[in-house]
Amino acid sequence: MKVKEIELGKVKKKKIRKRSDYIKTSKIKQLEPGELVVEMQGITKRFPGVLANDTINFELKACEIHALLGENGAGKTTLMNILYGLYR
């Protein structure tokens, strides 16, 4: 293995880049209160021996606060994984 000696004063400084230098963003549409953002209809998910979600329907609207509540094993995480596209 070769080791390079560097003399002080001869080291090039790297330019510090800002996030905006390499991340492109798109314009975000301003949503109106009550505007439909997400809608899921008739969602059913089965695993071997388990019915995780059975015909779930819901819609999410802009400027509203939502909560997904249920007992352990009720299918909350499964439903969110479907929404995220992790399950079909």
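Residue 43 in full-length UniProt numbering sits at position 43 of the sequence shown; the count goes up by one each step and never skips. No residue lacks a Cβ here, since even glycine has one placed at the ideal position from N, Cα and C.
Item	Value
Burial state of I82 (16 or more Cβ within 10 Å)	buried
Alpha-carbon spacing of A52 relative to P33, whole angstroms	32 angstroms
Closest Cα partner of E39 within the set P48, V50, N72, A62	A62
Cβ neighbour criterion (16 or more within 10 Å) applied to T78	buried
Member of Y84, L36, I56, G75 whose CA lies at the smallest distance from the CA of E64	L36
Sequence ranges, alpha helix (DSSP H) only - wholly within the stretch 27 to 56, length at least 4	none
Close-in-space but distant-in-sequence residues of the same chain around residue 141 (CB under 7 angstroms, 5 per side omitted)	Outside the shown range of the chain (1 to 88) lies residue 141, about which nothing can therefore be said.
Start and end residues, alpha helix (DSSP H) containing N81	76 to 84
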